[in-house]
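From first to last, the protein sequence lines are chains A and B. Counting from 1, one number per residue, gives the positions in the first sequence under our numbering. Counting from 1, one number per residue, gives the positions in the second sequence under our numbering. The C-beta atom is built at its ideal place from N, Cα and C for all residues, glycine as well. Taking it in order: structure first as structure tokens, then the write-up.
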Amino acid sequence: MTTTKPTLLLVGYGMVGHRFLEALADTGAAERYRVVVLAEEPRPAYDRVGLTSYFSGRSADDLLLAEEGFTDRHGFEVHLSSPAVSLDPAARTVTTAAGHTLSYDTLVLATGSYPFVPPVDGRDAEGCFVYRTIEDLQAIESYAAGARVGAVVGGGLLGLEAAGALKGLGLETHVVEFAPRLMPVQVDDAGGAALRRTIESMGVVVHTGIGTKAITVAEGRAVGMSFTDDSELATDLVVFSAGVRPRDQLAREAGLTVGERGGIAIDEHCRTSDPHVFAIGECALAVDGRVYGLVAPGYEMAVSVAQQLAEQAAQPFTGADLSTKLKLLGVDVASFGDAFGSTPGSLDVVYSDSRSGVYKKLVVTGEGALLGGILVGDASAYATLRPLAGSGRPLPVPAESLVLPAGADTAVSLGSSALPDEAVVCSCNNVTKGTIRAAVTDHQCTTVPEVKKCTRAGTNCGSCVKLLGTIVADELEAGGVEVDRGLCPCFAHTRAELYEIVLVKRIPTHRQLLAEHGRAPEGSEGCEVCKPTVASIIASLAPELEASGHILDGEQSALQDTNDHFLANLQKNGSYSVVPRIPGGEITPDKLIVIGEVAKEFGLYTKITGGQRIDLFGASVDQLPMIWSRLVAAGFESGHAYGKSLRTVKSCVGSTWCRYGVQDSVAMAIQLELRYRGLRSPHKLKSAVSGCARECAEARGKDFGVIATTNGWNLYVGGNGGATPRHADLLAQDLDDEQLVRLIDRFLMFYIRTADRLERTSTWLERIEGGLDHVREVVVEDSLGIADELETLMARHIGDYQDEWAATLADPDRMRRFVSFVNAPGVPDPSIRFVPERDQVKPDLVLLATEEQLLAALDPDNAPFPAARILEEAR
Amino acid sequence: MTITASATRVELLSPAGWSPVCDWDLLVPGRGVAVLLPDGRQAAVFRDGNDRLYAVDNRDPFTGAYVLSRGLIGSTPDGRVYVASPLLKQRFDLLTGECLDDEDVRIAVHTARAA
Ligand SMILES: Cc1cc2nc3c(=O)[nH]c(=O)nc-3n(C[C@H](O)[C@H](O)[C@H](O)COP(=O)(O)OP(=O)(O)OC[C@H]3O[C@@H](n4cnc5c(N)ncnc54)[C@H](O)[C@@H]3O)c2cc1C
Ligand code: SF4
Ligand code: FES
Chain A
1 MTTTKPTLLL VGYGMVGHRF LEALADTGAA ERYRVVVLAE EPRPAYDRVG LTSYFSGRSA
61 DDLLLAEEGF TDRHGFEVHL SSPAVSLDPA ARTVTTAAGH TLSYDTLVLA TGSYPFVPPV
121 DGRDAEGCFV YRTIEDLQAI ESYAAGARVG AVVGGGLLGL EAAGALKGLG LETHVVEFAP
181 RLMPVQVDDA GGAALRRTIE SMGVVVHTGI GTKAITVAEG RAVGMSFTDD SELATDLVVF
241 SAGVRPRDQL AREAGLTVGE RGGIAIDEHC RTSDPHVFAI GECALAVDGR VYGLVAPGYE
301 MAVSVAQQLA EQAAQPFTGA DLSTKLKLLG VDVASFGDAF GSTPGSLDVV YSDSRSGVYK
361 KLVVTGEGAL LGGILVGDAS AYATLRPLAG SGRPLPVPAE SLVLPAGADT AVSLGSSALP
421 DEAVVCSCNN VTKGTIRAAV TDHQCTTVPE VKKCTRAGTN CGSCVKLLGT IVADELEAGG
481 VEVDRGLCPC FAHTRAELYE IVLVKRIPTH RQLLAEHGRA PEGSEGCEVC KPTVASIIAS
541 LAPELEASGH ILDGEQSALQ DTNDHFLANL QKNGSYSVVP RIPGGEITPD KLIVIGEVAK
601 EFGLYTKITG GQRIDLFGAS VDQLPMIWSR LVAAGFESGH AYGKSLRTVK SCVGSTWCRY
661 GVQDSVAMAI QLELRYRGLR SPHKLKSAVS GCARECAEAR GKDFGVIATT NGWNLYVGGN
721 GGATPRHADL LAQDLDDEQL VRLIDRFLMF YIRTADRLER TSTWLERIEG GLDHVREVVV
781 EDSLGIADEL ETLMARHIGD YQDEWAATLA DPDRMRRFVS FVNAPGVPDP SIRFVPERDQ
841 VKPDLVLLAT EEQLLAALDP DNAPFPAARI LEEAR
Chain B
1 MTITASATRV ELLSPAGWSP VCDWDLLVPG RGVAVLLPDG RQAAVFRDGN DRLYAVDNRD
61 PFTGAYVLSR GLIGSTPDGR VYVASPLLKQ RFDLLTGECL DDEDVRIAVH TARAA
């Protein structure tokens, strides 16, 4: 390739490498270089920090960091499965394992680290693993299928994460830690003890203070371990998690300076001993003599180098905060600042409750300024305390009151106002409170997602998002910005709030709700936003309110959008389309023929929808009852394509026909579609059921998707296709039919109750506080104690269901609206005409271009008042 | 249609004079109906929540479709009553015909009465 641009070569495409590429794009440096990437792994960078979520249903693709097309868009040339094997700094070339030699002008090494495996006998036996890549996890997963006992060597952060994974795979799990306590780097003895108790209570066996001497091997396979205290343990599987070592081999062999204990030595601008070579991330040895095994410091280095390459002012990297907060096996653990009280003259303030497994320690100076701390079992104060550590300011309240459990008389929690501007709120991305405030004051951000986008805060581990939210809210309030969360000009409440009001006060009409809870002046009509929204709330609570469930009755009929009003979908020329329900996409030939006959008779355009049913277009209002009486007579019912309600439950053919299928996906799809048909919700709901993991029904692109497993069903929620695609997240796995239905009942009702207007489950899940975890707690674990209520509401809805079209046809009052003209019932609307296209019809839009067009077309003889005649006859 | 003697009738003025629309009771508060005028034009007649009567053109100028009678009625915080087109949701003041979302657009207003 001939190019005048200098070549920038990146070796290693892991997390830090990816952040570096992003920063190249952000800073504009990408324009200045031809960027070539050599990656050892077979896939682009993925979320290693979130690696363990692979076991809870995130696929390798879900873990990828870059959005689709990222590298192409910026012209980055990425070579996967192409490790670099040698570096020649004098010639400025790198050679790959395949023997290709590439020249560079600037080289960036981001090779990360490798898991350290202690040199014990038997460590290479079958059944011994490390825990670093997706391939590692895949290997562990398949080996665990034939194993009973698993042991993890190393009781640090990663070891405990691996132990949690083995437990999740159904193994009897042991953790072996050489140090006298778990997580020796992050917590002290008492914190380690609290952690140990909680972890043991979950059934993980913890062995501390012993080293692994050897792996016992039989027929090439690991069968046990022996320890320094001469004890032994029978185990089928061993995971080594005894720390990591920087991958500095390339640099070392090329003669670049490396540290005594490893790591490519860099200066504060991340330059190695060769001025054309940078090193960033876990492979680098920073100026403070440390190799950082966390992702945030690596990100800082990546940004710093990109800024230099863009010739912008760059933040030097001199060291980083090692604070961490994590949830291990469901236990909160956080450690920050000077956690061990190594500052001379520091004092500890400790709270410990061994029954509940809570341990909190704050380290303060004699003057009461916070230096650091350790929180085990309850780390809720982490977000506010960490930024204060090391700020030098005395705490605004006595430290004792900060460690007491909430509810104790003198317990205090600090608000965001206690933080100074320079406090780092998001440690992953090094964003200060001042920057967040500026996003609100100077960049006009008014919501948390906007601030996240503007500052990057909260975009990694997410532990800072709650604090971020309070800072944003405080700042908006201080700036006098009224954040109007109201549904519309008529109501200051959100949809979710109105739902609660309607439910609790049993308000059956929009009019009453507007009069009693609206903000509009007396006599207001309401508006096109609140009318259908309130109508939907009332419809989904109809049995509770003892209101009519039929949406064409009473006041309801005046609140509905035209689609709901005519139980059909308005199309661009004023005609409607009709969609009969075809549950699960299963239909008999006879019914297919009826649809064909109806379409033919009424001249309708037919199209197969993405939801496995058939849409009939081009019906005028007065034709709708005739069309539907034919359909209802043939056994069809409303497909609710017009409503914000359940659309379809797609399915693949499943185990009945497909050779891969493990469950009857069609039967389940039909059951679900019939159960939730007619359910009114904040937005439309889509679903699908796949008969095996091959996922032919695309269930993970749905609001709730079900995928068969050999043990039952996995339930995924919050998926979406369309403009903002999102893969659904796993909510629960291996459910039997009854459990599945119960969880979906609760999930849907919880969504209906708390979502905003027109908020799909995907955005709802991203917005609500606590996200998926919170939803799982409420829906699966019933943390709010409302599961019964949600199930009851759903049961009432199901009991109350009636086919809207059959009920409409049976009632002359409801039928009266189906005329084109109130003064000429039976006269068709002359503006609805069609022209041919591909053997079917399409709307005649020329006719609609001006009113004169229509009038001229009305009467070929140009008689003055053709309509007058029609009206005469109609009378 | 049978008309009982006591029922109030709604009528609309057109170049051909007052023409009948329908029974007052047939109008649902907050909704509209479409009316075919003798000259072939179409009007949309509405009854609001406070029992006031309005009539405007049925044609939605943004799409050309004759659908305004099927829109939802609303009122602004300062009390202007409007209909929102069911297609692309632009709002039209029912008294003046002005489009509240595009000041260059206006629809014709008709005269209606309940007699
Ligand atoms: C299970 C697990 C959980 C973790 N949890 C956390 C956490 O909660 N918080 C936290 O901050 N950190 C966590 N970490 C650590 C975090 O993942 C690392 O700090 C981060 O990935 C470092 O990024 P990196 O790009 O430097 O290295 P890596 O992500 O390892 O990327 C290096 C890449 O370079 C490639 N490579 C190496 N040599 C060559 C070569 N010669 N040629 C081409 N390519 C090469 C490697 O294959 C690899 O793909 C966790 C790590 C693991 C494994
Ligand atoms: S998802 Fe599985 S069962 Fe269903 S069609 Fe595909 S391969 Fe067959
Ligand atoms: S602290 Fe991790 S995203 Fe902010």
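When every heavy atom of ligand 1 is checked, does at least one fall within less than 7 Å of the C-beta of residue i?
| i | result |
| --- | --- |
| E41 (chain A) | yes |
| M183 (chain A) | no |
| Y13 (chain A) | yes |
| G293 (chain A) | yes |
| L326 (chain A) | yes |
| Y131 (chain A) | yes |
| C464 (chain A) | no |
| C283 (chain A) | yes |
| G159 (chain A) | no |
| R48 (chain A) | yes |
| L51 (chain A) | yes |
| P44 (chain A) | no |
| G112 (chain A) | yes |
| P83 (chain A) | yes |
What is the residue span of the alpha helix (DSSP H) that residue i lies within?
| i | result |
| --- | --- |
| F834 (chain A) | Unbroken run through F834 (chain A) is the beta strand (DSSP E), 834-837; no alpha helix (DSSP H). |
| V348 (chain A) | Note that residue 348 (chain A) is Asp in the sequence shown, not Val. Careful: D348 (chain A) lies outside any alpha helix (DSSP H), inside the beta strand (DSSP E) at 347-353. |
| I627 (chain A) | 624-633 |
| S142 (chain A) | 134-144 |
| D474 (chain A) | 465-478 |
| T384 (chain A) | 382-388 |
State yes or no: is the C-beta of residue i nearer than 7 Å to some heavy atom of ligand 2?
| i | result |
| --- | --- |
| A697 (chain A) | yes |
| C658 (chain A) | yes |
| G712 (chain A) | no |
| S690 (chain A) | yes |
| G654 (chain A) | yes |
| G771 (chain A) | no |
| S665 (chain A) | yes |
| G661 (chain A) | yes |
| R694 (chain A) | yes |
Terminal residues of the continuous beta strand (DSSP E) containing residue i?
| i | result |
| --- | --- |
| S536 (chain A) | Where S536 (chain A) is concerned, there is no enclosing beta strand (DSSP E), although the alpha helix (DSSP H) it sits in stretches over 530-540. |
| F70 (chain A) | Note, F70 (chain A): premise wrong, no beta strand (DSSP E); alpha helix (DSSP H) at 70-73. |
| A25 (chain A) | Here A25 (chain A) belongs to no beta strand (DSSP E); instead the alpha helix (DSSP H) covers 15-27. |
| E11 (chain B) | 9-14 |
| K952 (chain A) | Outside the shown range of chain A (1 to 875) lies residue 952 (chain A), about which nothing can therefore be said. |
| F566 (chain A) | Looking at the DSSP string, F566 (chain A) is not in any beta strand (DSSP E); the run it does join, the alpha helix (DSSP H), is 562-566. |
| H517 (chain A) | Where H517 (chain A) is concerned, there is no enclosing beta strand (DSSP E), although the alpha helix (DSSP H) it sits in stretches over 510-517. |
| W18 (chain B) | 17-23 |
Under the criterion of a Cβ to heavy atom distance below 7 Å, does residue i qualify as lining ligand 5?
| i | result |
| --- | --- |
| V333 (chain A) | Looking at this structure, you won't find ligand 5 anywhere; what it does contain is ligand 1, ligand 2 and ligand 3. |
Task: Residues from the stretch 503-514 of chain A in contact with chain B, defined by Cβ distance under 8 Å - done: Within the stretch 503-514 of chain A, those residues whose Cβ lies closer than 8 Å to any Cβ of chain B are, in chain order, R511.
Open item on the list: For the stretch 25-49 of chain B, list every residue whose C-beta sits within 8 Å of some C-beta in chain A, in sequence order.
Closed with: Those would be L26, V28, P29, G30, R31, V33, A34, V35, L36, L37, P38, D39, G40, R41, Q42, V45, D48, G49, in chain order.
Task: Every unbroken beta strand (DSSP E) within the stretch 683-755 of chain A, with a cutoff of 3 residues, ordered by chain - done: Within the stretch 683-755 of chain A, the complete beta strand (DSSP E) runs of at least 3 residues are 685-690, 704-709, 712-717, 729-735.
Task: Positions along the stretch 13-25 of chain B whose CB lies within less than 8 Å of some CB in chain A - done: Listed by position, the residues of the stretch 13-25 of chain B near chain A (Cβ gap below 8 Å) are A16, S19, P20, V21, C22.
TODO: Determine which residues of the stretch 176-205 of chain A have a Cβ less than 8 Å from any Cβ of chain B, and write them out in chain order.
DONE: Going along the stretch 176-205 of chain A in chain order, one finds no residue with a Cβ nearer than 8 Å to chain B.
Task: Residues, ordered as in the chain, of the stretch 521-543 of chain A that lie near chain B by beta-carbon distance below 9 Å - done: Flagged, chain order: P521, G523, S524, E525, G526, C527, E528, V529, C530, K531, P532.
TODO: Taking a Cβ distance cut-off of 7 Å, strictly less, list which residues of the stretch 566-586 of chain A are near chain B, in chain order.
DONE: When C-beta distances to chain B are compared with 7 Å, the residues of the stretch 566-586 of chain A below that value are L570, K572, N573, G574, in chain order.
TODO: Go through the stretch 29-114 of chain A residue by residue and report every complete run of the beta strand (DSSP E) that reaches 3 residues or more, in order.
DONE: Entirely contained in the stretch 29-114 of chain A, the beta strand (DSSP E) runs reaching 3 residues are, in chain order, 34-38, 77-79, 84-88, 93-96, 101-103, 106-109.
Task: Contact residues within the stretch 810-827 of chain A, judged by C-beta distance below 9 Å to chain B - done: Residues of the stretch 810-827 of chain A with a Cβ closer than 9 Å to any Cβ of chain B, in chain order: R816, R817, V819, S820, F821, V822, N823, A824, P825, V827.
Open item on the list: Residues of the stretch 845-859 of chain A in Cβ contact with chain B at a cutoff of 9 Å, in chain order, please.
Closed with: Cβ contacts with chain B: L845, L847, L848, A849, T850, E851, Q853, L854, L855, L858, D859.
Open item on the list: Quick check for students: name the residue ranges of the beta strand (DSSP E) that lie wholly in the stretch 774-840 of chain A, counting only runs of 3 or more.
Closed with: As far as the stretch 774-840 of chain A is concerned, its whole beta strand (DSSP E) runs of at least 3 residues are 834-837.
Open item on the list: Under 8 Å, CB to CB, which of the residues in the stretch 618-629 of chain A have a partner in chain B?
Closed with: Hits within the stretch: zero.
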